[in-house]
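Please read the structure below before turning to the comments.
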Amino acid sequence: MKVKILQWHAVASWTWDAQDETCGICRMSFDGCCPDYFP
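Per my numbering, the sequence shown starts with residue 7, numbered consecutively.
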């Protein structure tokens with residue numbers, strides 16, 4: 007039996023695995039963006 011994939015829609019999720027609530031570099035919470043660097 008062969009399977010041919012016609013489309014692929016991938017979805018992913020990630021979280022920080024840190025004990026702190028804030029970033030050590032910019033001192034912002036991990037849920038927010040760095041104030042100086044936007045993607």
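Glycine is no exception: its CB is placed at the ideal position from the N, C-alpha and C atoms.
Please read these numbers as outputs of a predicted model, since none were measured by experiment.
Rounded to whole angstroms, what is the Cα-Cα separation between residue i and residue j?
i          : j          : result
residue 27 : residue 8  : 49 Å
residue 17 : residue 11 : 17 Å
Which residues in the same chain as residue i place their Cβ atom closer than 6 Å to its Cβ, once the five residues preceding and following it in sequence are excluded?
i          : result
residue 37 : none
Considering only the alpha carbon of each residue, which of the options lies closest to residue i?
i          : options        : result
residue 24 : 39, 12, 35, 11 : 35
I'd like to confirm the pairing. Which residues does DSSP put opposite residue i in its beta bridges?
i          : result
residue 19 : Residue 19 pairs with nothing; no bridge assigned.
Below 7 Å CB to CB, which residues in the same chain sit around residue i once its five sequence neighbours on both sides are set aside?
i          : result
residue 22 : 36
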